[in-house]
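Participant: Under the working numbering, residues -14 to 91 are what the sequence shown spells out, in order.
A virtual CB, placed ideally from N, CA and C, is assigned to each residue, including glycine.
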Amino acid sequence: MTRVFSHPDPAITHLVLNRLEQLGVDAVVQGQANGRGMGEIPPIAAWSEVWVADGASLADVEAAVAEVTAEPVPDSENWTCPTCDEVVGGQFSACWACGTSAPDVA
Ligand SMILES: [Zn+2]
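The following block contains the structure:
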């Protein structure tokens, strides 16, 4: 197993875990702070961690981590799909409902 990601918020590591599972990567979360002696161990040791099986695609892992941790694009505003009128978050370049590209994206 290889540790590929760690974060103080278990919710974030679980988001990464879920994304990896969607990609077919065998992964687990370890090291959650729950039930451990906070204050007796260095803070970094209380971070929850995502571990993947040996041989997992590092490209998939990096993609999953990037998706979960990506900062929203600055000054991105919601846009309305010209095809189905779905309101789509500005960080998305295509409509999640029908796949139409954002009007201002080449
Ligand atoms: Zn649409």
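Grouping DSSP H, G and I as helix and E and B as strand, with all else coil, what is V73?
Facilitator: Position 88 of the sequence shown, counting from 1, holds the residue named residue 73. Strand, per DSSP.
Participant: Considering only heavy atoms of ligand 1 and the C-beta of each residue, which residues fall inside 6 Å, strictly closer?
Facilitator: Cβ-based neighbours of ligand 1 within the cut-off: C66, T68, C69, E71, C80, A82, C83 and T85.
Participant: Could you work out which residue in G74, A55, T68 and C69 is closest to E62 when comparing CA atoms only?
Facilitator: By 1-based counting over the sequence shown, the position of residue 62 is 77. Nearest of G74, A55, T68 and C69 to E62, Cα basis: G74.
Participant: From the DSSP secondary-structure annotation, give me the bridge partner or partners of S33.
Facilitator: The residue you call residue 33 lines up with position 48 of the sequence shown. Paired residue(s): H(-8).
Participant: Does C69 pass the burial test, meaning 16 or more other C-beta atoms within 10 Å, or should it be called exposed?
Facilitator: In the sequence shown, counting from the first residue as 1, residue 69 sits at position 84. Its Cβ having fewer than 16 others within 10 Å, C69 is exposed.
Participant: Taking DSSP's pairing of strands, which residues face A38 in a bridge?
Facilitator: Along the sequence shown, read from residue 1 onward, the residue named residue 38 stands at position 53. A38 is not bridged to any residue.
Participant: Distance check for V(-11) and A87, CA to CA, integer angstroms please.
Facilitator: Taking the first residue of the sequence shown as position 1, residue 87 is located at position 102. Taking the first residue of the sequence shown as position 1, residue -11 is located at position 4. The alpha-carbon atoms of A87 and V(-11) are separated by roughly 33 Å.
Participant: Could you tell me which residues DSSP pairs with T(-13) in its beta bridges?
Facilitator: In the sequence shown, counting from the first residue as 1, residue -13 sits at position 2. V37, per the DSSP bridge assignment.
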